[in-house]
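Asks: Under our numbering, the residue at position 217 of the sequence shown is numbered 222, and the numbers go up by one with no gaps.
Following this message is one structure expressed as structure tokens.
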Amino acid sequence: MLVAQYLAANPPVLLTFAGLLGLAVGSFLNVVIHRLPKMMESEWRSQCAEILDDGAPAEKRATYNLVVPRSRCPGCDHQITALENIPVLSYIVLRGRCSGCGQRIGLRYPLVELLTGLLSVLVVWRFGLTVQAGGALLLTWALVALSVIDFDTQYLPDAITLPFLWLGLAFNVAGVYTTTQASVIGAIVGYLTLWSVYHLFRLITGKEGMGYGDFKLLALFGAWLGWSAVPVIVLLSSFVGAIVGIALIALRGHDRNIPIPFGPYLAVAGWIALMWGDQLVEAYLGVSGLNQ
Numbered sequence: 006m007l008v009a010q011y012l013a014a015n016p017p018v019l020l021t022f023a024g025l026l027g028l029a030v031g032s033f034l035n036v037v038i039h040r041l042p043k044m045m046e047s048e049w050r051s052q053c054a055e056i057l058d059d060g061a062p063a064e065k066r067a068t069y070n071l072v073v074p075r076s077r078c079p080g081c082d083h084q085i086t087a088l089e090n091i092p093v094l095s096y097i098v099l100r101g102r103c104s105g106c107g108q109r110i111g112l113r114y115p116l117v118e119l120l121t122g123l124l125s126v127l128v129v130w131r132f133g134l135t136v137q138a139g140g141a142l143l144l145t146w147a148l149v150a151l152s153v154i155d156f157d158t159q160y161l162p163d164a165i166t167l168p169f170l171w172l173g174l175a176f177n178v179a180g181v182y183t184t185t186q187a188s189v190i191g192a193i194v195g196y197l198t199l200w201s202v203y204h205l206f207r208l209i210t211g212k213e214g215m216g217y218g219d220f221k222l223l224a225l226f227g228a229w230l231g232w233s234a235v236p237v238i239v240l241l242s243s244f245v246g247a248i249v250g251i252a253l254i255a256l257r258g259h260d261r262n263i264p265i266p267f268g269p270y271l272a273v274a275g276w277i278a279l280m281w282g283d284q285l286v287e288a289y290l291g292v293s294g295l296n297q
């Protein structure tokens, strides 16, 4: 209690703590980003093997989850020590290379840590030391992981989206971000909005324009922020996605037949709505009123 009072009375200390916490969480998110898709694929293979059971004994697999085994260099199998796992600092000290074999460490690792730290500071700056800040931090960390996983693999894991959808509903039982009614309707509207777009696009073109994970992610935002945030998120994500997609095609010759994941754009738009959604809606209504 005394620590909370001290942090609330000293914003610079609070923001510094939020940044350090975000860096540490970002380090763990790198593990989630790398391992969770592999865990999903392993589970799918196991399920397929059970369905296609030919009577052969099941193959024993080594334990692989978010905790086991310890992180190792893929080049030389060098086990990463605690001192080599300090967010950002270890990357700088090691000059971006494995201490065992000198293989280059991807720049993404410190970038994810820095991004998570920066976003955590912004969340605490926006909400202060409140329950809203606690929930927003959890959601922000989940969105970082979902965005990078979707960018890499075009997966939006149910292991993240579904628990956070329920968590949003749970927060709003107490009216933390919106009313319970708006939260429940938001989850329904969020899911059905992209579900309808998906089926309409498939009916017209015969192609699938997005995955079911996108429906669940928008339902998640509806559960957290209420139904009124859904149109704002859809418009923002479509705008950002269109700009990035056009830029990829124009500047890098991106093959138009290669799908571009929509999840990261939804995540960016949803996070902006989480932080400044009320102001965006008020600004939109104000502009609409002036044009009438």
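Don't be surprised by glycine CBs; every beta carbon is placed ideally from N, CA and C.
Predicted model, so just to flag it, every value in this text is computed and none were measured.
1. Is the number of C-beta pairs between the region 176 to 187 and the region 236 to 254 that are closer than 8 Å three or more?
2. Over the uninterrupted alpha helix (DSSP H) stretch that includes Val-202, give me the two end residues.
3. Distance, Cα to Cα, Glu-118 vs Pro-266?
4. Mind checking Leu-88: buried by the 16 CB within 10 Å criterion, or exposed?
5. Which residue's Cα is closest to the Cα of Leu-203: Gln-84, Tyr-217 and Gln-108?
6. For a quick check, are the C-beta atoms of Gly-173 and Ala-228 less than 8 Å apart?
7. Contact check, Val-126 vs Thr-145 under 8 Å by CB: the rounded distance?
8. Quick one: residues in its chain with C-beta nearer than 6 Å to the C-beta of Leu-324, no 5 flanking neighbours on either side, listed in chain order?
9. Closest to Pro-168 by CA distance: which of Gln-159, Val-181 and Leu-151 is it?
10. Under the three-state reduction of DSSP, which class applies to Gln-108: helix, strand or coil?
11. On the premise that Ile-238 lies in contact with Leu-223, defined as a C-beta separation below 8 Å, what is that separation, rounded to the nearest angstrom?
12. Would you kindly work out how many angstroms separate the C-alpha atoms of Met-44 and Arg-50, rounded to a whole number?
13. Are Gly-214 and Leu-120 touching if we call contact CB-CB under 8 Å?
14. Measuring only the C-alpha atoms, how far is Pro-17 from Thr-198?
15. Give a yes or no on contact between the region 204 to 212 and the region 151 to 167, applying the rule of three or more CB pairs nearer than 8 Å.
16. Between the alpha carbons of Tyr-270 and Ala-175, how many angstroms are there, rounded?
17. Taking only three categories from DSSP, how would you classify Gln-284?
18. Where does Ile-110 land, buried or exposed, given buried means 16+ other C-beta within 10 angstroms?
19. When DSSP labels each residue in this structure, what does Gln-84 get in the three-state scheme?
20. List in chain order: all unbroken alpha helix (DSSP H) runs of 4+ residues lying wholly within the region 11 to 66.
21. How about Tyr-114 and Asn-15: do their beta carbons lie closer than 8 Å?
22. Please report how far the alpha carbon of Leu-20 lies from the alpha carbon of Trp-130, in whole angstroms.
Replies: Considering the structure as presented:
1. no
2. 185 to 210
3. 22 Å
4. exposed
5. Here residue 203 turns out to be Tyr, not Leu, going by the sequence shown. If we check each option's Cα against that of Tyr-203, Tyr-217 comes out closest.
6. yes
7. Not really, about 11 Å apart at Cβ, beyond 8 Å.
8. The chain is shown from 6 up to 297; residue 324 falls before or after that span and cannot be answered.
9. Leu-151
10. coil
11. 7 Å
12. 10 Å
13. no
14. 41 Å
15. no
16. 25 Å
17. helix
18. buried
19. strand
20. 16 to 56
21. no
22. 7 Å
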